[in-house]
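The letter at position 144 of the sequence shown is residue 143 when you use numbering that gives the first Met the number 0, and the numbering goes up by one with no holes. Note that beta-carbon positions come from the ideal geometry of N, C-alpha and C, so glycine has one too. Just below is one structure, and these are the notes that go with it.
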Amino acid sequence: MFTTARSPQTTRVSDLPEDLFEAIATLKRDLNAVVLAHYYQDPDIQDIADYIGDSLGLSRQAADTNADVIVFAGVHFMAETAKILNPDKLVILPDLAAGCSLADSCPPEAFAQFKAAHPDHLVVSYINCTAAIKAMSDIICTSSNAVDIVNQIPKDRPIIFAPDRNLGRYVMEQTGRDLLLWDGSCIVHENFSEKKIVQLRVEHPEAEVIAHPECEPPVLRHADYIGSTTALLKYAKQSAKDSFVVATEPGIIHQMQKAMPQKEFIAAPPTGNCACNECPHMRLNTLEKLYLSMKYRQPEITMPEEVRQAALKPIQRMLEMSR
Ligand code: 13P
Ligand code: SF4
0 MFTTARSPQT TRVSDLPEDL FEAIATLKRD LNAVVLAHYY QDPDIQDIAD YIGDSLGLSR
60 QAADTNADVI VFAGVHFMAE TAKILNPDKL VILPDLAAGC SLADSCPPEA FAQFKAAHPD
120 HLVVSYINCT AAIKAMSDII CTSSNAVDIV NQIPKDRPII FAPDRNLGRY VMEQTGRDLL
180 LWDGSCIVHE NFSEKKIVQL RVEHPEAEVI AHPECEPPVL RHADYIGSTT ALLKYAKQSA
240 KDSFVVATEP GIIHQMQKAM PQKEFIAAPP TGNCACNECP HMRLNTLEKL YLSMKYRQPE
300 ITMPEEVRQA ALKPIQRMLE MSR
């Protein structure tokens, strides 16, 4: 799906230094590179990152960085957003196959037809989409500013919200607006088991359930708090409770546990007996691949300049509307 030169890490895995942490720190200095990581990355990647955050925080960091090289420990749409904001910088993604099921659920051709059928609608797209979808959008939003952004749009203006139907439904509830939803979803967040969450509530009556708005309505109904990854982390810090069932990708529990070692965090279980609550795309990045991507300065994120320019406008609009 994403085209690039052959990734070096598959052919030179024997080329690894003994101390990867030290080698990455050296490369960071040599390249004047910054490592931006999402909370769903493996703990060791989070530990070497210069900044860890949610999609909005990562976009802001990407917009403000003075580094020459951005190493994006996240998924493709996140690294792509960094490139859209920084056309002159080298943006690398440790594994170029790290996509996103939600972004994939909105193919550009089908979305162009959907948009053309509703020409009076403003298009608000969740940042979890490709550059091609961003280029067709009026405003981008993230899970932390979607409600606020929709609230800033005049009430008489009809809105298409894409691609996540679950975040879209949540925004509809919070704003009282009727949004025209694209029918996309995330394979990770739609897989949490309501039944097992209810069981956990019975076993841990003192625990609060905290959930990401990409979860389906039956799971969100049980949530004491709903928010972006950063918002969930902040909420757990200021809550008087000591125990939490966390309904989002469990990578974030690393930061929760580091910040609050005295509190208990239970990963919300998936429906099957599998690790399907882990994002298979995010987890493609490893510390080894990250080191090799810095050493060989690839895989690099690239895109046609006209797509980049068209995708930049709605991202800038988001940044202006969510200061
Ligand atoms: P956040 O912006 O809340 O970190 O969400 C990103 C994401 O991909 C959730 O699945
Ligand atoms: Fe995409 Fe879901 Fe993975 Fe987030 S958790 S990156 S929405 S597939």
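Pairwise C-alpha distance: V218 and R28: As a first step, residue 28 must be located in the sequence shown, where it is residue number 29. As a first step, residue 218 must be located in the sequence shown, where it is residue number 219. About 44 Å.
Within 9 Å, strictly: CB atoms of I225 and I209: By 1-based counting over the sequence shown, the position of residue 225 is 226. By 1-based counting over the sequence shown, the position of residue 209 is 210. A contact, by the Cβ cut-off of 9 Å.
Could you tell me the boundaries of the beta strand (DSSP E) in which L207 lies? For the purposes of this step, residue 207 is taken as the residue at position 208 of the sequence shown. Note on identity: in this sequence residue 207 is Glu, with Leu being the wrong assignment. E207 to A210 is the span of the beta strand (DSSP E), which, as asked, contains E207.
I23 to M77 span [Cα, whole Å]: Here residue 23 refers to the residue found at position 24 when the sequence shown is read from its first residue. Here residue 77 refers to the residue found at position 78 when the sequence shown is read from its first residue. The straight-line gap from Cα to Cα measures roughly 21 Å.
8 Å CB neighbourhood of R307 in its chain, flanking five on each side removed: Within the sequence shown, numbered from 1, the residue matching residue 307 stands at position 308. The residues are K82, I83, P86 and A130.
Are the CB atoms of H188 and A102 nearer to each other than 9 Å? Mapped onto the sequence shown, residue 188 falls at position 189. Mapped onto the sequence shown, residue 102 falls at position 103. Going by C-beta atoms, H188 is not nearer than 9 Å to A102.
Near the ligand SF4: N127 beta-carbon under 8 Å from a heavy atom: If you number the sequence shown from 1, residue 127 lands on position 128. At least one heavy atom of the ligand SF4 is nearer than 8 Å to the Cβ of N127, so yes.
Separation of L283 from I47, as counted between CA atoms: Taking the sequence shown and counting its residues from 1, the one referred to as residue 47 is at position 48. Taking the sequence shown and counting its residues from 1, the one referred to as residue 283 is at position 284. I47 and L283: Cα-Cα distance of roughly 17 Å.
For A134 and P162, what's the separation of their Cα atoms in angstroms? Residue mapping note: residue 134 aligns to position 135 of the sequence shown, counting from 1. Residue mapping note: residue 162 aligns to position 163 of the sequence shown, counting from 1. Using only the alpha carbons, I get a separation of about 14 Å.
Do L232 and A206 have their CB atoms nearer than 9 Å? Along the sequence shown, one-based indexing puts residue 232 at 233. Along the sequence shown, one-based indexing puts residue 206 at 207. No, these two residues do not count as a Cβ contact at 9 Å.
Here's a check: name, in chain order, each residue in its chain whose Cβ is nearer than 7 Å to the Cβ of F20, leaving out the five neighbours to either side. Position 21 of the sequence shown holds residue 20. I47.
Within 8 Å: the Cβ of A210 and any heavy atom of the ligand SF4? Position 211 of the sequence shown holds residue 210. Checking the Cβ of A210 against the ligand SF4 gives no.
Rounded to whole angstroms, what's the CA-CA distance from A384 to V201? Just pull it up for me. Because the chain in this structure spans residues 0 to 322, residue 384 falls outside the shown range and cannot be described.
Given a cut-off of 9 Å, decide if V74 and V90 are closer than it, judged by their beta-carbon atoms. Here residue 90 is taken as the residue at index 91 of the sequence shown, counted from 1. Here residue 74 is taken as the residue at index 75 of the sequence shown, counted from 1. No, the pair does not count as a contact, with Cβ atoms beyond the cut-off.
Does any heavy atom of the ligand SF4 sit closer than 8 Å to the C-beta of E319? In the sequence shown, the residue the question calls residue 319 occupies position 320. No; taking the cut-off as 8 Å, the Cβ of E319 has no heavy atom of the ligand SF4 nearer than that.
To the nearest angstrom, how far is it from the Cα of Q198 to the Cα of D223? As a position in the sequence shown, residue 198 is number 199, starting the count at 1. As a position in the sequence shown, residue 223 is number 224, starting the count at 1. So the alpha carbons of these two residues sit roughly 16 Å apart.
Give me, in chain order, the residues of the same chain whose beta-carbon lies closer than 7 Å to that of N190; leave out the 5 immediate sequence neighbours on both sides. Counting from 1 along the sequence shown, the entry for residue 190 is found at position 191. Closer than 7 Å at the Cβ level, and outside the excluded window around N190, lie P269, T270, C275 and N276.
Inter-residue CB distance, I196 and V244 (contact presumed, cutoff 8 Å): Along the sequence shown, read from residue 1 onward, the residue named residue 196 stands at position 197. Along the sequence shown, read from residue 1 onward, the residue named residue 244 stands at position 245. Indeed they touch by this definition, with Cβ atoms about 6 Å apart.
Helix, strand or coil for Q201, going by three-state DSSP, please let me know. Mapped onto the sequence shown, residue 201 falls at position 202. Inspection of the sequence shows that residue 201 is occupied by Val rather than by Gln. Note: V201 maps to helix in three-state DSSP.
Within 10 Å of its beta-carbon, does A4 have 16 or more other beta-carbons around it, so buried, or fewer, so exposed? Translated into positions along the sequence shown, residue 4 becomes position 5. Reliability fails at A4, whose pLDDT of 37 lies under 50, so the model's placement of it is uncertain and no value is given.
Contact check, A32 vs Y50, beta carbons under 9 Å: In the sequence shown, counting from the first residue as 1, residue 32 sits at position 33. In the sequence shown, counting from the first residue as 1, residue 50 sits at position 51. No. Outside cutoff.
Assuming E263 and S242 are in contact, meaning their beta carbons sit under 8 Å apart, how far apart are those beta carbons, in whole angstroms? For the purposes of this step, residue 263 is taken as the residue at position 264 of the sequence shown. For the purposes of this step, residue 242 is taken as the residue at position 243 of the sequence shown. Right, their Cβ atoms sit about 4 Å apart.
Take S292 and list the residues in its own chain whose beta-carbon comes closer than 6 Å to its own, dropping the five residues that flank it on each side. Locating residue 292 in the sequence shown gives position 293, counting from the first residue. Taken in chain order, the residues that qualify are I91 and P93.
Starting from E108, trace the beta strand (DSSP E) both ways and give me its first and last residue. Along the sequence shown, read from residue 1 onward, the residue named residue 108 stands at position 109. Looking at the DSSP string, E108 is not in any beta strand (DSSP E); the run it does join, the alpha helix (DSSP H), is P107 to A115.
Pocket of the ligand SF4 (residues with CB nearer than 7 Å to any heavy atom), chain order: Y39, V74, C99, S100, L101, A102, N127, C185, I186, V187, H188, E213, E248, C278, H280 and M281
Write down the C-beta distance between S124 and S136 rounded to the nearest angstrom, noting that I regard them as a contact closer than 8 Å. The count along the sequence shown starts at 1 and reaches residue 124 at position 125. The count along the sequence shown starts at 1 and reaches residue 136 at position 137. That belief holds up - the Cβ atoms of S124 and S136 are roughly 4 Å apart, short of 8 Å.
For H280, does the three-state DSSP call read helix, strand or coil? Counting from 1 along the sequence shown, the entry for residue 280 is found at position 281. If DSSP states are grouped into helix, strand and coil, H280 belongs with coil.
Which residues in the same chain have their Cβ closer than 7 Å to the Cβ of H120, if we skip the five residues on either side of it in sequence? As a first step, residue 120 is located in the sequence shown; it is residue number 121 there, counting from the start. Within the same chain, H120 has close Cβ partners P157, I158, I159 and L179.
Beta-carbon contacts of S321 that lie in its chain and below 6 Å, excluding the five residues immediately before and after: Looking up residue 321 in the sequence shown gives position 322. So the list reads N144, once near-sequence residues are dropped.
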